[in-house]
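Read the structure below first, then the notes.
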Amino acid sequence: MSSSSELDLLAEALSEAQDQLLAISALAQSTAQQFDIEQLLPILAEHAKQILNAEAVFIVVNIDNQPPLLVDFPTNYFDPKEIVLLTNTVHETVDAFQRICLVNNTPVYIIEQKDNDNGCVKLGFQVDTPETALSPTLNLAQTITDQVKIQVENSLLHRALLAQAKFQAEMEAARQMQASLLPKSIPSSAETGLDITVHFQPASKVGGDFYDLKSHLHRGAAFAVGDISGKGMPAALLMSMTLNALRNSFRFIQNPTPEKVLTQVNQNMYDDFTRAGGFATVFVGSYNAHKGELSYGNAGHSPVVFCPANGNARFLEADGTALGVLSESLSKSQILDISPGDILVVGTDGFTEAENPAREMFGYSKLLNLIEELREGSADEIKDGIVRTINQFASGYPQSDDQTLLVIKVIEGKELWK
Amino acid sequence: MNTKALSPEPIIKLIELSGRFDAHVAPEFIKWTDENIPASQEYLLVDLKKVNFIDSTALASLVRGMKHCREKGGDLALCNLQQPVQIIFELTRMDQAFRIYTTQEDAFEKARAEYIEKLL
Numbered sequence: 114m115s116s117s118s119e120l121d122l123l124a125e126a127l128s129e130a131q132d133q134l135l136a137i138s139a140l141a142q143s144t145a146q147q148f149d150i151e152q153l154l155p156i157l158a159e160h161a162k163q164i165l166n167a168e169a170v171f172i173v174v175n176i177d178n179q180p181p182l183l184v185d186f187p188t189n190y191f192d193p194k195e196i197v198l199l200t201n202t203v204h205e206t207v208d209a210f211q212r213i214c215l216v217n218n219t220p221v222y223i224i225e226q227k228d229n230d231n232g233c234v235k236l237g238f239q240v241d242t243p244e245t246a247l248s249p250t251l252n253l254a255q256t257i258t259d260q261v262k263i264q265v266e267n268s269l270l271h272r273a274l275l276a277q278a279k280f281q282a283e284m285e286a287a288r289q290m291q292a293s294l295l296p297k298s299i300p301s302s303a304e305t306g307l308d309i310t311v312h313f314q315p316a317s318k319v320g321g322d323f324y325d326l327k328s329h330l331h332r333g334a335a336f337a338v339g340d341i342s343g344k345g346m347p348a349a350l351l352m353s354m355t356l357n358a359l360r361n362s363f364r365f366i367q368n369p370t371p372e373k374v375l376t377q378v379n380q381n382m383y384d385d386f387t388r389a390g391g392f393a394t395v396f397v398g399s400y401n402a403h404k405g406e407l408s409y410g411n412a413g414h415s416p417v418v419f420c421p422a423n424g425n426a427r428f429l430e431a432d433g434t435a436l437g438v439l440s441e442s443l444s445k446s447q448i449l450d451i452s453p454g455d456i457l458v459v460g461t462d463g464f465t466e467a468e469n470p471a472r473e474m475f476g477y478s479k480l481l482n483l484i485e486e487l488r489e490g491s492a493d494e495i496k497d498g499i500v501r502t503i504n505q506f507a508s509g510y511p512q513s514d515d516q517t518l519l520v521i522k523v524i525e526g527k528e529l530w531k
Numbered sequence: 114m115n116t117k118a119l120s121p122e123p124i125i126k127l128i129e130l131s132g133r134f135d136a137h138v139a140p141e142f143i144k145w146t147d148e149n150i151p152a153s154q155e156y157l158l159v160d161l162k163k164v165n166f167i168d169s170t171a172l173a174s175l176v177r178g179m180k181h182c183r184e185k186g187g188d189l190a191l192c193n194l195q196q197p198v199q200i201i202f203e204l205t206r207m208d209q210a211f212r213i214y215t216t217q218e219d220a221f222e223k224a225r226a227e228y229i230e231k232l233l
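As structure tokens, then:
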């Protein structure tokens, strides 16, 4: 008889253990597809109650410095204030612990699972008396708490991934919007008498570099290249405002000269630049094919290289500081006679400040020789040659600033129009 | 940060920067200028003796500081520009916008002379 009743007890214990294993498996499965932590916690609490065969269960999750998340099952069994008070005290004093407390006069066993990164999870379950909390139940409760912690971490990871995906999508939208502000196409050489090409490569999705190009009604073109101080989104916002101010100045000033345009843009944007704590270096040029003349204005911009067909390349240095620095722009219009074969390269400092793994900069001095070497090529070939050389120099060291390069080669000079 | 009161005044607050003055250093520099915006006739002096590189974010932080100081009747001046930094200042023509001195002593002397001139 006694061996039979022992067998019965053993069978019952085995069956109970199997039920618990199944319940744990069900807990893992039911929560596997649920990533929303607010929806996840009640499911976990309900399963925990079943597995531990307790009258009531609560779970408290502390994440960083946010208010604690709290659920109990059955709902509203415990006074939330009392739980928070109790678990907060514990959280401050003990790293990992198991102990019995009284919550609403109910003896509750609390198990805590804590790490340094993502806060902690506490599981509390009702026990009839302290003695009833036997070690198998406690082991089980510890396993459930571990499981809850894993689920919470998964859920947080999922939340972070979602936030990141949303941010990426917004940045992509900003990139597209910024790209849409730039000229859609390059005016043809038939319209301008120039072979023009552009390389535009922001260091991140959006940036502070910009350029603009427009053919004149009667042969020739106006163009601009600019660089806003700083990088990323703040620079991108100022970039769109500056580009807009520049276009408006070209459009509304009578007989716009580079000097008039730079003066006007500085006047319109000075307060905005002061508020934003930034400035813009801008090179503005206008080519008149009939006169064979390039008039330009340079507000603190570099590098700008002029390479005559039969002469040495040289920098066209700024005569006034960047826009937004002084209340009045000091840049004047300069006039340059140009002929077929002459080359103008307007870059941004993302090229000259490109670094290699030894953190040496490409610099300015190599640029003049490089352009002289490439002078026989088309605008595209010159551009590709410069970009290739800079990339070879960088040898894979990441680009840290926006890179813009406008290359203009004169095809038709004034002789054709006389 | 060093503060020097000359005799007769003005008071010059001095900061000596070193290494790369770039986007990583600029926020700290902006904080320093914001906390030390001078009263009228006071100056901030930025010593760039040990700075070997300056980027556009750092230049913008200098421009920002300079504008804030001038609004209050003071100024932000620079001294000891090393060649790589000097080149950037010439290329961007920032040399038009700032008072630039060779040494700290030079800056102090000019500030004192100017102060006395205004007193007279």
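Heads up: the sequence lines are chains A and B, in that order.
Following our numbering, the numbering of the first sequence begins with 114 at its first residue and continues without gaps.
Following our numbering, the numbering of the second sequence begins with 114 at its first residue and continues without gaps.
Every residue gets a Cβ at the ideal spot worked out from N, C-alpha and C, and that includes glycine.
Just by C-beta distance, which residues in the stretch 178 to 200 of chain B are closer than 7 Å to chain A?
Per Cβ criterion, the list reads K180.
6 Å Cβ shell around L373 (chain A) - same chain, five flanking residues per side excluded
Correcting the residue identity first, residue 373 (chain A) is Lys in this sequence and not Leu. Setting aside the 5 residues that flank it on each side, K373 (chain A) is surrounded in the same chain by I366, each with a C-beta closer than 6 Å to its C-beta; the list follows chain order.
Among all the DSSP beta bridges, which residues are the ones paired with C214 (chain A)?
Bridge partners of C214 (chain A): A:V221.
Secondary structure of V319 (chain A), DSSP reduced to three states:
Reduced to three states, the DSSP call for V319 (chain A) is coil.
Can you pull the chain B neighbours of G343 (chain A), defined as C-beta to C-beta under 8 Å?
The contacting residues are A136, S169, T170, A173.
With three or more C-beta pairs closer than 8 Å as the rule, is the stretch 345 to 361 of chain A touching the stretch 312 to 321 of chain A?
Here the stretch 312 to 321 of chain A makes contact with the stretch 345 to 361 of chain A; the two share three or more CB pairs at distances below 8 Å.
What residue from A:N401, A:N482, A:G405, A:L153 has the CA that sits closest to R272 (chain A)'s CA?
Minimum Cα distance to R272 (chain A) is reached at A:L153.
Indicate the three-state DSSP secondary structure (helix, strand or coil) for V234 (chain A) in the structure shown.
In this structure, V234 (chain A) counts as strand in the three-state DSSP scheme.
If we cut at 7 Å on Cβ distances, does L157 (chain B) have a partner in chain A?
L157 (chain B) does not count as touching chain A.
Does any CB atom of chain B fall closer than 7 Å to the CB of V391 (chain A)?
Correcting the residue identity first, residue 391 (chain A) is Gly in this sequence and not Val. At a cut-off of 7 Å between beta carbons, G391 (chain A) contacts chain B.
Counting pairs of Cβ atoms below 8 Å between the stretch 156 to 169 of chain A and the stretch 136 to 145 of chain A, do you hit three or more?
Verdict: yes, contact present.
Taking only beta-carbon positions, decide if L439 (chain A) is within less than 7 Å of chain B.
Chain B, which has a Cβ nearer than 7 Å to the Cβ of L439 (chain A), makes this yes.
Tell me whether the beta-carbon of A594 (chain A) lies closer than 7 Å to the beta-carbon of T394 (chain A).
Any answer about residue 594 (chain A) is impossible in this case: the structure gives chain A only from 114 up to 531.
At least one CB of chain B closer than 7 Å to the CB of P347 (chain A): is that the case?
Not one chain B Cβ lies under 7 Å of P347 (chain A).
Could you check where the alpha helix (DSSP H) with D385 (chain A) kicks off and where it finishes?
Going by DSSP, D385 (chain A) is part of the alpha helix (DSSP H) stretching over 371 to 389.
Would you verify that the beta carbon of V176 (chain B) is, or is not, closer than 7 Å to some beta carbon of chain A?
Chain A, which has a Cβ nearer than 7 Å to the Cβ of V176 (chain B), makes this yes.
So which residues on chain A does A79 (chain B) lean against when the C-beta distance must stay under 7 Å?
Here chain B covers residues 114 to 233 and nothing more, so residue 79 (chain B) does not appear.
Tell me where the alpha helix (DSSP H) around K163 (chain B) begins and ends.
Counted as a single uninterrupted DSSP element, the stretch harbouring K163 (chain B) is not any alpha helix (DSSP H) but the beta strand (DSSP E) occupying residues 156 to 167.
Residue environment, A173 (chain B), which counts as buried when at least 16 other CB atoms sit within 10 Å:
A buried status is given to A173 (chain B), since no fewer than 16 other beta-carbon atoms sit within 10 Å of its beta-carbon.
Is it buried or exposed for S187 (chain A), if we count other Cβ within 10 angstroms and need 16 for buried?
At residue 187 (chain A) the sequence reads Pro, which differs from the Ser that was named. Under this definition P187 (chain A) is an exposed residue.
Closest Cβ-Cβ distance between Q512 (chain A) and chain B: below 7 Å?
At a cut-off of 7 Å between beta carbons, Q512 (chain A) makes no contact with chain B.
I'd like the span of the alpha helix (DSSP H) that includes T146 (chain B), first residue to last.
Per DSSP, T146 (chain B) belongs to the alpha helix (DSSP H) from 139 to 148.
Could you give the DSSP three-state label for N175 (chain A): helix, strand or coil?
Of the three classes helix, strand and coil, the one that applies to N175 (chain A) here is strand, per DSSP.
Counting contacts by CB-CB distance shorter than 7 Å, is R133 (chain B) in contact with chain A?
It does not: the Cβ of R133 (chain B) has no partner Cβ on chain A nearer than 7 Å.
So which residues of chain B does L518 (chain A) contact, with C-beta pairs closer than 9 Å?
Correct list: empty, because the minimum Cβ distance to chain B is about 17 Å.
When the distance is taken between beta carbons, is V397 (chain A) closer than 7 Å to G410 (chain A)?
Cβ atoms of G410 (chain A) and V397 (chain A): closer than 7 Å.
Can you check which of these residues, B:K223, B:I200, B:R212, is closest to G413 (chain A) by C-alpha distance?
The shortest Cα separation from G413 (chain A) among B:K223, B:I200, B:R212 belongs to B:I200.
Would you say T205 (chain B) faces chain A, with C-beta separation under 7 Å as the test?
The beta-carbon of T205 (chain B) is placed less than 7 Å from the nearest beta-carbon of chain A.
Between the alpha carbons of E230 (chain B) and S153 (chain B), how many angstroms are there, rounded?
S153 (chain B) has its alpha-carbon roughly 15 Å from the corresponding atom of E230 (chain B).
On the criterion of 16 or more Cβ atoms from any shown chain inside 10 Å, does E473 (chain A) qualify as buried, or is it exposed?
Answer is exposed; the Cβ neighbour count stays below 16.
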